[in-house]
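What follows is a short report on a single structure.
In this note's numbering, the protein residues as written are 841 to 1240.
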């Protein structure tokens, strides 16, 4: 009788165990599928692929002039950073000089990521544009339909991208008044949104009426990326841009985790610049990258399937021409538009001692990148190389 009883009880137990194990396996599979689904629905950048080979004769015709510029701009190899010139994604000239970290004695190499400051805006704008292209958001969608507490009702995504919101710079309205923000605390993107929602921060100008370059716009765009993708900005940028393009030395700085491992920045006299309460805000800055990684990014933006033609045209349309002039701003890109019809597209950056310049000569397939972690304005002089490659009517008074 005892034997029969054991047999009877073991069968249901075994069946129950099988069902439980099977269920666990299904749950694991479901979790995996869910995770993959989130990543798979993200619009991702794609590499451009093979481009026309640059001939040795062409290289010979331009390298001497680039080298002359380099020696004049950074005599005795005194650049503390990275400098690269490429055509069709093929590097014509590059130099890496100076200290990544003076205390540790480490030198800057092609693999050394440095803070690219406001050139980060081009990458943030690119992620937003990919979301627009995929139909997940619309350019003229009101910001408060995504960020529910955002207080400026007329503001759209297009206005954030083109700096036409009229908002004030978060660095200014959090700087002096402790009732708005205590600078002993690290400021975050969410804090900026909360301040805008609760502290009655007035607009600098009426929304949509004029261009005013403002970092707050891109801090809000980073929050939109997070809201739409369901990922942190750091992870969304990695999944949408960095990983697909093989940008292995590019990442978004996390002030809570990365302080001790990043490349620091320096004043012009070599004194290291410390952190402050603004170093946890991203979207407008805080991408660390290399010249070679940014070259990959630039070429991917030239890919035919980067954006639909109608959307791409809007990216390179000027939105800041209230006053007649050549300087203009598109959707995440600066530009100079001459009356001759020639256009020059670029973005510069500055944060602490870091300066950066990204130039894309689209007609000629030329990319020019300069990054420095030691304060200097010479980084911005790389635009002087543009006339080597095409009809760019710059008037350089200090040129020989």
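We treat Cβ as the ideally placed atom computed from N, Cα and C, and that holds for glycine.
**Study point:** Three-state class that DSSP yields for residue 1147 in the structure shown
**Key:** In this structure, DSSP gives residue 1147 a state outside helix and strand, which the three-state scheme calls coil.
Review point. Unbroken beta strand (DSSP E) runs of length 3 or more, entirely within the segment 1148-1181: which are they?
Key: Whole beta strand (DSSP E) segments, 3+ residues: 1167-1169, 1174-1177.
Practice item. Label residue 1150 either buried or exposed according to how many other C-beta atoms from any shown protein chain fall within 10 Å of its C-beta, with 16 as the threshold for buried. Key: Exposed, because fewer than 16 other Cβ atoms sit within 10 Å of the Cβ of residue 1150.
Practice item. Would you mind stating whether residue 1131 and residue 888 have Cβ atoms separated by less than 8 Å? Key: No.
**Study point:** Three-state secondary structure (DSSP) of residue 961
**Key:** The answer is helix: DSSP assigns residue 961 an H, G or I state.
Check your understanding: So, using beta-carbon positions, are residue 1194 and residue 1213 closer together than 8 Å?
Key -> Taking 8 Å as the Cβ cut-off, residue 1194 and residue 1213 qualify as a contacting pair.
**Study point:** Runs of alpha helix (DSSP H) lying entirely within the segment 1069-1154, each at least 4 residues, in chain order
**Key:** With a minimum length of 4 residues, the continuous alpha helix (DSSP H) runs that stay inside the segment 1069-1154 are 1073-1077, 1095-1098, 1131-1140.
Exercise for review: Mind listing, in chain order, the continuous beta strand (DSSP E) runs of no fewer than 3 residues lying wholly within the segment 878-958?
Suggested key: For the segment 878-958, whole beta strand (DSSP E) runs of length 3 or above, ordered along the chain, are 921-927, 930-937, 939-941.
Review point. Under a three-way DSSP split, which group does residue 977 fall into?
Key: If DSSP states are grouped into helix, strand and coil, residue 977 belongs with coil.
Exercise for review: Please report the Cβ distance between residue 1243 and residue 1134, rounded to the nearest whole angstrom; I am assuming they are in contact, meaning their Cβ atoms lie under 8 Å.
Suggested key: The requested residue 1243 is not part of the displayed model; the chain covers only 841 to 1240.
Check your understanding: When you compare only the Cα positions, how much space is there between residue 1138 and residue 928?
Key -> So the two alpha carbons sit approximately 10 Å from each other.
Check your understanding: Beta carbon of residue 933, beta carbon of residue 903: below 8 Å?
Key -> The answer is yes: Cβ separation under 8 Å.
Review point. Going along the chain, which residues of its own chain have a beta-carbon closer than 7 Å to the beta-carbon of residue 910, five neighbours each way excluded?
Key: Only 923, 935 meet the Cβ criterion.
Exercise for review: Measuring alpha carbon to alpha carbon, tell me which of 1029, 1173, 1067, 1178 ends up nearest residue 1164.
Suggested key: Taking residue 1164 as reference, the option from 1029, 1173, 1067, 1178 with the minimal CA-CA separation is 1178.
Check your understanding: Less than 8 Å separating the beta-carbons of residue 1219 and residue 1103?
Key -> Cβ distance not < 8 Å, so residue 1219 and residue 1103 don't count as in contact.
Point to revise | Distance CB(residue 1063)-CB(residue 1029) smaller than 8 Å | key: Yes.
Exercise for review: Indicate the three-state DSSP secondary structure (helix, strand or coil) for residue 1055 in the structure shown.
Suggested key: Helix.
Check your understanding: Cβ atoms of residue 997 and residue 1032: under 8 Å apart, would you say?
Key -> No, the pair does not count as a contact, with Cβ atoms beyond the cut-off.
**Study point:** For residue 1235, the first and last residue of its enclosing beta strand (DSSP E)
**Key:** Secondary structure note for residue 1235: it is in no beta strand (DSSP E), with a DSSP letter that is neither H nor E.
**Study point:** residue 1091 classed as buried or exposed, judged by whether at least 16 other C-beta atoms fall within 10 angstroms
**Key:** Buried: at least 16 other Cβ atoms inside 10 Å.
Review point. How far does the beta strand (DSSP E) with residue 1038 in it reach, from first residue to last?
Key: Residue 1038 -> not in any beta strand (DSSP E); alpha helix (DSSP H) instead, spanning 1029-1038.
Check your understanding: So, residue 1048 versus residue 993, is the Cβ gap smaller than 8 Å?
Key -> Not a contact, by the Cβ cut-off of 8 Å.
Point to revise | Distance between residue 882 and residue 857 (C-alpha atoms, nearest Å) | key: Here residue 857 scores only 43 on pLDDT, less than 50, and its place in the model is too uncertain to base an answer on.
Check your understanding: How about residue 1159 and residue 1051: do their beta carbons lie closer than 8 Å?
Key -> Cβ distance < 8 Å, so residue 1159 and residue 1051 count as in contact.
Practice item. State the start and end residues of the unbroken alpha helix (DSSP H) segment that holds residue 1000. Key: Start and end: 997-1001.
Check your understanding: Cβ of residue 1170 within 8 Å of Cβ of residue 1157?
Key -> Contact flag set, yes.
Check your understanding: Hey, out of 963, 1066, 948, 1026, whose CA is closest to residue 1155's CA?
Key -> Of 963, 1066, 948, 1026, the residue nearest in Cα terms is 963.
Review point. Which of helix, strand or coil does DSSP assign to residue 1198?
Key: Residue 1198: strand per DSSP, three-state reduction.
Point to revise | Rounded straight-line distance, which links the Cα of residue 1034 to that of residue 1019 | key: Whole-angstrom Cα-Cα distance: 13 Å.
Exercise for review: Can you tell me which of the three DSSP states residue 1047 falls into?
Suggested key: Reduced to three states, the DSSP call for residue 1047 is coil.
**Study point:** Any C-beta of chain D under 8 Å from that of residue 1047
**Key:** Protein chains in the displayed structure number just one, and chain D is not present.
Point to revise | Boundaries (first-last residue) of the beta strand (DSSP E) holding residue 1185 | key: That run of the beta strand (DSSP E) goes 1183-1191.
Check your understanding: Below 8 Å between beta carbons: does that hold for residue 1113 and residue 976?
Key -> Taking 8 Å as the Cβ cut-off, residue 1113 and residue 976 do not qualify as a contacting pair.
Check your understanding: With distances taken from CA atoms, which of 1221, 900, 1123, 971 is nearest residue 884?
Key -> For the residues 1221, 900, 1123, 971, the minimum Cα distance to residue 884 belongs to 971.
Review point. Where does residue 944 land, buried or exposed, given buried means 16+ other C-beta within 10 angstroms?
Key: Exposed: under 16 other Cβ atoms inside 10 Å.
Check your understanding: What do you reckon, are the CB atoms on residue 1118 and residue 1011 nearer than 8 Å?
Key -> Yes, these two residues count as a Cβ contact at 8 Å.
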